[in-house]
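Enquirer: Numbering (my numbering), first residue to last: 182 to 463.
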Ligand SMILES: O=C(O)CCC(=O)C(=O)O
Ligand SMILES: [Fe+2]
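1. Can you say whether residue 259 is buried or exposed, counting buried as having 16 or more other CB atoms within 10 angstroms of its CB?
2. Anyone know if the C-beta pair for residue 396 and residue 207 falls short of 8 Å?
3. Since residue 423 and residue 200 are thought to touch, with beta carbons under 8 Å apart, how far apart are those beta carbons, to the nearest angstrom?
4. Specify whether the segment 282 to 290 and the segment 209 to 228 touch according to this definition: at least 3 beta carbon pairs, one from each stretch, less than 8 Å apart.
5. In chain order, what residues of the same chain have a beta carbon less than 6 Å from the beta carbon of residue 445, not counting five sequence neighbours either side?
6. Could you check which residue in 263, 399, 231 has the C-alpha nearest to that of residue 409?
7. I'd like to confirm the pairing. Which residues does DSSP put opposite residue 315 in its beta bridges?
8. Quick one: what does DSSP say residue 333 is sitting in, helix, strand or coil?
9. Report whether the distance from the Cβ of residue 404 to the nearest heavy atom of ligand 1 is below 7 Å.
10. If you measure from the CB of residue 211, is any heavy atom of ligand 2 nearer than 7 Å?
11. Within its chain, find whatever has a CB closer than 6 Å to the CB of residue 124; leave out the 5 residues flanking it on each side and keep chain order.
12. Within the continuous alpha helix (DSSP H) that includes residue 229, where are the two ends?
13. For residue 270, write down the residues that DSSP places opposite it in a beta bridge.
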């Protein structure tokens, strides 16, 4: 299997060939509708928002890294001495000015997206728009599938990242963590085959996503990422009737684990009511 790359495709083609069957895709040009396309660079961020704080804390100072620090870190990053990865910013809370440059967020493809509705309270159920910054050698810490079975849209706006996705049905080769069903225990960058012998049977698919390109990872697909050079990307999630049943089962399980059956019932009831309203709104 290979991940296809497509240019200038219609919404209908995306829905029929990728969204509905759950097949990943690299759009070569979907983010051309965003003003952010071609604009975002380390210098642009340093000039415009040097002091904004990241979601990541500097372990030495105990303070969040600022944008200036983040951009300096990733430009100094090397394979031998990689900057922490990922360095992220919640765009809605830390950089709301960017939202205007990321419009329409759905790129005219990621729709319907119930996470754009207030009812699903962006951010509350994992549906946040996040800026990811990385440097050479930056490895996403684990192979995983995304929480709540949300589908992911990763928009590369500067630099290149190497992504890895695993074909469906390879979960048994990935040694899913007993406590966290979303994480694999295998370090795919340096696999320990004595500990994880079945990982030899996995057939990871690796490909590069460059500036201006958008990766669609359908819900439930195992993946990870690696920054090849200084990189800036914007990631958001998608929820609609296709992944709602899995989402709902996650809401139930998480809430039950965290706060018990009564709270789980309330949260699930709320999610179902919200889904009905979103469906009606079309
Ligand atoms: O762009 C990346 O580093 C991958 C991010 C990712 O998979 C995630 O945040 O769930
Ligand atoms: Fe992910």
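We treat Cβ as the ideally placed atom computed from N, Cα and C, and that holds for glycine.
Expert: Straight from the coordinates:
1. Here the question's residue 259 lines up with position 78 in the chain shown. Answer is exposed; the Cβ neighbour count stays below 16.
2. Position 215 of the chain shown, counted from the first residue, corresponds to residue 396. Position 26 of the chain shown, counted from the first residue, corresponds to residue 207. In this structure, residue 207 lies closer than 8 Å to residue 396 by Cβ.
3. Locating residue 423 in the chain shown gives position 242, counting from the first residue. Locating residue 200 in the chain shown gives position 19, counting from the first residue. Confirmed, Cβ separation roughly 7 Å.
4. Cβ pair count under 8 Å is three or more, so yes.
5. Sequence index remark: in the chain shown, residue 445 carries index 264 (1-based). The residues are 433, 436, 437.
6. Within the chain shown, residue 409 is the residue found at index 228, counting from 1. Minimum Cα distance to residue 409 is reached at 263.
7. Residue mapping note: residue 315 aligns to position 134 of the chain shown, counting from 1. Residue 315 is bridged to 412.
8. Translated into positions along the chain shown, residue 333 becomes position 152. Here residue 333 sits in strand by DSSP.
9. For the purposes of this step, residue 404 is taken as the residue at position 223 of the chain shown. Flag set: Cβ of residue 404 near ligand 1.
10. As a first step, residue 211 must be located in the chain shown, where it is residue number 30. It does not: the Cβ of residue 211 is nowhere closer than 7 Å to a heavy atom of ligand 2.
11. Summary: the structure shown does not reach residue 124, with the chain confined to residues 182 through 463, and so no result is reported for it.
12. Position 48 of the chain shown, counted from the start, is the residue given in the question as residue 229. 223 to 229 is the span of the alpha helix (DSSP H), which, as asked, contains residue 229.
13. Along the chain shown, read from residue 1 onward, the residue named residue 270 stands at position 89. According to DSSP, which records beta bridges pairwise, residue 270 is partnered with 312.
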